[in-house]
Amino acid sequence: MSTDDIINDNDRVLITGANGFIGTRVVDTLLRYGYRNLVCLMRPSGQNSALMKIILERGSPPIEICRGNLLSREDCDKVTEGVSVIYHLAAGRGVKSYPDAFLNSVVTTRNLLEAAARTNRLKRFVGVSSFSVYSNLKLRRRDVLDETCEMDREPELRGEAYCYAKVRQDELTVDFCGRNGIPYVLVRPGTVFGPGNRGLPGRIGIDLLGLFLHLGGSNRIPFTYVDNCAEAIVLAGLRPGVGGEVFNVVDDDLPTSREFLNLYKKHVRRFRSIRVPRAAGYLLCSLWEKYSSWSRGQLPPVFNTRRWSNDWKGNRYSNEKLKTRLGWKPRVSFPVASKRFFEHERGL
Amino acid sequence: MTLRVGIVGCGKIADEHVFQIRRIPGCAIVGVCDREELMARQLSERFKINGYYDNLDNLLEKTAPQVIHITTPPQSHYELGMQALEAGCHVLMEKPFTITAEETKALIRHAEGKGLKITVDHDEQFTHAAIRMREMIQKGYLGGPPVHMESYYCYDFGNQQYARALLGDRTHWIRELPGSLLQNNISHGIARISEYIRGEQPEVIAQGFTSTFLKDLGEDEVIDELRVMIRDGRSSTAYFTFSSRMRPTLRAFRVYGERNALFMDHDQQTLIGVRGDRFKSYLEKFIPPYLYAKQYLSNAHVNMKYFLKNDFHMKSGMKKLIESFYRSIRENQPAPIPYREIILTSRIMDDIFRQIKY
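Residue numbers (our numbering), protein chains in the order written: chain R, 28 to 375; chain E, 17 to 374.
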């Protein structure tokens, strides 16, 4: 805890999605920082074993675990009561269904913000978003993708329900908070990895009918280790003078796609992969997109040039703003982070 | 003349309706509505539909649709259906048609009284394989009316996470249906039987229970295993199986006549004719496997042909059904699914739920 923080250790802090992959680490980081008055919101169903493990490891502080559904306005009112900071991590990860992703990201965020506005004592709302909201169509390869880049104006064309929902969620947050005077910060992590998040990310490649197509090549992957990411999120809710700001989260020493794939094969398991040259990857995505459009969806538009641009064009990334404005630095280095990740993958 | 279409309910299944409607010439989606306006807005934005509203009254008033697709949870089907019919719209209802057979009959009576068409999205009866099966039965392949049918409609919870999401949320709309999970899922499989069973009051014997999979998750209310025997007045019989644990997760229909039988697999889109005659002696061991292999190969070719002709979308049956429904409206022909079948499906489902005591 820092004396500069906008809250003190008695202030009530709400974490939605507290039992999730990042949420548990956010709770852990807050506890490590000395914040004890935590309200952890979890879905009405589901196990809370990951969260309980963290709580036990931290000496069982008396934090409040709430079961609730953000689609219920009553539940939102209940969990936001007396809260000073909200870390909003709960999101719809309906990979294929746009309505599901939208309902569980945008509608839930609207409900939460409305409830927060009614409490009238919120000092900061931290919306956890994603790199996927950016459009890099106007960027060239190797250009830096940072917080100044524009959001995708037509996210529905990306073929990814999650991307669409996250863009609309961020827009809603900015609009609602602006109109209602709620101080907010948006945090956009890159590719979050660590024990608990299985497999290789799509930016490296895709598994097609049992064959792994390596599409990332020499691109740097915007990795952030889950503990580092959680720390950035926590700081975004505590540090003064950053209201209305957006922070991208990536670690230092980012590996290339090829380097990470080789490490994965060496430390986790061997499998066959085929390197797809960039031009061929673009051509495949373009052809798929055209066929999908011509056939009116006989094949879904999951591969398209927008997705290629976002996932495989190959930009560079910056965490400068995160370091200078929030004082963040990645506590876990890439070698240590990857070792932990690979060990966990091997154990599965 | 372009048929003006409105959609009520902007959840997951509404996307499928929009996709299929847009593949049909001569119709246009003029508006969508959902009581959660954000949901209506996202659907209209993604599909470039002009009007979005947060209630049906506004949709009807502002866009004057001729057909309404109701894609809301089943609890609201009856009320919204009545409202749409009252406004002079034809109605395509997502399955299950209604919550009870009484509601089903009332809606159909109301539609008939108004000279309007109504149908239910039993799209799986309009897939390529289902249509081929129907044609073969009509041509007499079975050698008379069906003697016995087996309808399998299995369900895959996917993983524990999904099951927990559904089961843990006590307010989930599926849990609030009188027949819970079953009510939202079995109508496709029951409708296949309703199409071929004779008589209006078949005898229904049902047994339902909770699988060990759900019990291990702490669930003892939701029934996810169902076995049903149905017998009509003329002694045609049918078995219906719903299972969340059986593998493969069959969605199949088998119909046996006095001469031959037909086996249809929905997921594979295969239709296999099974001869009733037997070959002599050892020939029965050698020739039929070759004949089946030939039929499966032929099915693969047919499926590939449809794919290459760009007519093998995942929801191709829905397109066929909607297309047929719109044609019935334009040409004032009977709706594609006979009302008798819709009522019978509801009645059988009522009987099932009564016996397994939800």
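Virtual Cβ for every residue (Gly too), placed ideally from N, Cα, C.
Residue burial is scored here from C-beta neighbours: I301(R) has fewer than 16 other C-beta atoms within 10 angstroms and is therefore classed as exposed. A direct Cα-to-Cα measurement between K296(E) and Y308(E) gives close to 17 Å. Per DSSP, reduced to three states, the secondary structure at L108(E) is strand. By the beta-carbon neighbour count (other beta carbons within 10 angstroms, threshold 16), P327(R) is exposed. Going by DSSP, I260(R) is part of the alpha helix (DSSP H) stretching over 253-265. The criterion of a C-beta distance shorter than 7 Å is not satisfied by V212(R) and V276(R). Per DSSP, reduced to three states, the secondary structure at A316(E) is helical.
Chain order gives the chain E residues near D127(R) as K28, where near means a beta carbon separation below 7 Å. Burial is judged here by how many other beta carbons sit within 10 angstroms of a residue's own beta carbon; K193(R) has at least 16 and is buried. Y309(R) and G289(E) have their C-alpha atoms spaced approximately 45 Å apart. With fewer than 16 other Cβ atoms inside 10 Å of its own Cβ, P89(R) counts as exposed. Contact annotation: in the stretch 310-326 of chain E, residues whose CB is within less than 9 Å of a CB in chain R are F323, N326. Less than 7 Å divides the Cβ of I65(E) from the Cβ of I45(E).
Interface criterion not met: the Cβ of L230(E) is under 7 Å from no Cβ in chain R. In the same chain as K340(R), and ignoring 5 residues on each side of it, the C-beta atoms closer than 7 Å to its own belong to N163, R168, in chain order. For D185(E), the nearest CB of chain R lies under 7 Å from its own CB, placing it at the interface with that chain. In this structure, Q141(E) and R214(E) do not form a Cβ contact; the two beta carbons are roughly 17 Å apart against a cut-off of 8 Å. In this structure A144(R) does not touch S132(R) by the C-beta definition: roughly 19 Å separates them, more than the 8 Å allowed. Spatial neighbours of H282(E) in its own chain (CB-CB distance under 8 Å, excluding positions within 5 residues in sequence) are listed in chain order as E140, T143, A145, A146, R267, A268, F269. Taking 7 Å as the cut-off, the Cβ atoms of S167(E) and G131(E) do not count as close.
According to DSSP, P216(R) shares a beta bridge with V276(R).
In the displayed model, G154(R) falls within a strand according to three-state DSSP. DSSP, read as helix, strand or coil, puts R225(R) in coil.
The beta carbon of T146(R) is closer than 6 Å to those of T107 in its chain, skipping five residues each way along the sequence. Under the three-pair Cβ rule at 8 Å, the stretch 41-49 of chain R counts as touching the stretch 214-230 of chain R. The Cβ neighbour count for M17(E), taken over all protein chains shown within 10 Å, is under 16; the residue is labelled exposed. DSSP places V110(R) within a strand segment (E or B) once states are collapsed to three. The secondary-structure analysis by DSSP pairs D281(E) across a beta bridge with A268(E), T286(E). The Cβ neighbour count for G154(R), taken over all protein chains shown within 10 Å, is at least 16; the residue is labelled buried.
Counting along the chain, F129(R) sits inside the alpha helix (DSSP H) bounded by residues 125-129. Taking CB atoms only, G324(R) has a neighbour in chain E less than 7 Å away. Between the stretch 310-319 of chain R and the stretch 251-261 of chain R, the count of Cβ pairs shorter than 8 Å is below three; the stretches do not touch. In this structure the stretch 279-290 of chain R lies against the stretch 236-250 of chain R, because at least three pairs of beta carbons, one per stretch, are closer than 8 Å.
With distances taken between CA atoms, T265(E) lies nearest to G174(E) out of G174(E), Y68(E), S203(E), A56(E). Chain-ordered, the chain R residues with CB closer than 9 Å to the CB of E61(E) read E183, R195. Per DSSP, R363(E) is not a residue of any beta strand (DSSP E); the alpha helix (DSSP H) it occupies stretches across 355-371.
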